[in-house]
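Position 55, counted from 1, in the sequence shown is what my numbering calls 39; the numbers after and before it change by one each time, with no gaps. Just so you know, even glycine gets a beta-carbon here, dropped at the ideal spot from N, CA and C. Note that the coordinates shown come from a computational prediction; the quantities given were computed from them, not determined experimentally. Below is one structure, written out as structure tokens; comments come after it.
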Amino acid sequence: MDIDDELRRLFADERLDVPVRPGATEAVVTGAGRRRKRRHVVAAAGGALTVAALVAGGVVLSGMTNTSSAPPGQQVVPTMSATLKVTATPSTVAVLPDRTGSNSAGNTARTTAPSPSTGKLTTSVSKPPAVPELRPAGFGKIRIGMSIAEAEATGDLVLQDNGLPECASYTFKGYPDGSVGISPTDGVTAIFPPTGARTPEGIGHGSTQAEFRTAYPAATTDQHGYRIVRLDQGKVYSFGFGSGSKIDEVVLYTDKQMCFG
């Protein structure tokens, strides 16, 4: 038998027919319509979510955009910053003694503890005190006529061994380049002030002859060439100009001094 004939016979057999339920066609069409509507709803919802995400992203980006009116290229870009809290440990700066074996007055530097409010180290350096004036009465706490005991009691002097019994020699603790001569019988009779000292009229080391003449027009010259200004009670200012035109030596003494010629 030909295969084609066999196939025709099988397809023609009524036993192979599948009966169609009444209304089946309408049910299929209705179901397809419902599925099509669901797809449309899902697509619309997905589009709305996409638009919302884009809008939110635009808000965030606009928030990061600089609203400054500065020209392009000069706008400030927002940055993230972190604050680092540093706790510093207080330290002390040592001060080395000077060549005289003692620290110069006031030349002390120190580092203080961090300020609680700022957290920063505060370094303060105290300024040296102003050098006292060389007044007719004396220099600092040392006065003309003070006894050895009174002068030593001030705590401002350091005894020097000069080998002269008629004039004990001292230096100032705070001013090693100054010195004092004290007589056992007449007390303080000579004061050689430190370099920075000035008389009340502003004359001292470094003053010119013109400045000296303006301050002391009645000054005289002694047998050694020193310029002398007579004060009360036998006291004298003596100024030496040396070979230059500026003062390089200043002394306050009395007529009773035995510390120099």
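Residues that DSSP places opposite residue i in a beta bridge
{"i": "leucine 118", "result": "Phe123"}
{"i": "lysine 219", "result": "Thr238"}
{"i": "glycine 224", "result": "Glu233"}
{"i": "glycine 188", "result": "Arg182"}
Residue i in three-state terms, based on DSSP
{"i": "phenylalanine 244", "result": "coil"}
{"i": "alanine 152", "result": "strand"}
{"i": "glutamine 144", "result": "strand"}
{"i": "phenylalanine 176", "result": "strand"}
{"i": "threonine 138", "result": "coil"}
{"i": "threonine 198", "result": "helix"}
{"i": "proline -13", "result": "According to the sequence provided, residue -13 is isoleucine. The question's proline does not apply to it. Of the three classes helix, strand and coil, the one that applies to isoleucine -13 here is helix, per DSSP."}
{"i": "isoleucine 212", "result": "strand"}
{"i": "threonine 92", "result": "Below a pLDDT of 50, predicted positions are generally treated as unreliable, and threonine 92, at 44, falls in that range; the measurement from the model is reported next regardless. Residue state, collapsed to three classes: coil."}
Boundaries (first-last residue) of the beta strand (DSSP E) holding residue i
{"i": "proline 233", "result": "It is worth fixing the name first, because residue 233 is glutamate in this sequence and not proline. Counting along the chain, the beta strand (DSSP E) containing glutamate 233 begins and ends at 233 to 238."}
{"i": "arginine 182", "result": "Neither: arginine 182 is in no beta strand (DSSP E) and is coded neither H nor E."}
{"i": "glycine 165", "result": "163 to 167"}
Spatial neighbours of residue i in its chain, beta-carbon cut-off 7 Å, leaving aside the 5 residues before and after
{"i": "threonine 192", "result": "Ser229 and Lys230"}
{"i": "glycine 165", "result": "Cys151, Ser153, Thr173, Ala174, Gln241 and Cys243"}
{"i": "threonine 179", "result": "Asp161 and His189"}
{"i": "methionine 130", "result": "Gly171 and Val172"}
Spatial neighbours of residue i in its chain, beta-carbon cut-off 8 Å, leaving aside the 5 residues before and after
{"i": "lysine 240", "result": "Ser167, Asp170, Thr173 and Gly218"}
{"i": "proline 184", "result": "Glu117 and Arg119"}
{"i": "alanine 135", "result": "Ile126, Leu141, Tyr154, Val164, Ile166, Gly171 and Val172"}
Supposed contact pair residue j and residue i - C-beta distance, whole angstroms, cut 8 Å
{"i": "isoleucine 126", "j": "aspartate 140", "result": "6 Å"}
{"i": "valine 235", "j": "serine 227", "result": "The Cβ separation is near 18 Å, so there is no contact."}
Same chain, Cβ closer than 6 Å to residue i, neighbours up to 5 away in sequence not counted
{"i": "glutamate 233", "result": "Gly224"}
{"i": "alanine 121", "result": "Arg127"}
{"i": "isoleucine 132", "result": "Ile166"}
{"i": "tyrosine 200", "result": "Val213"}
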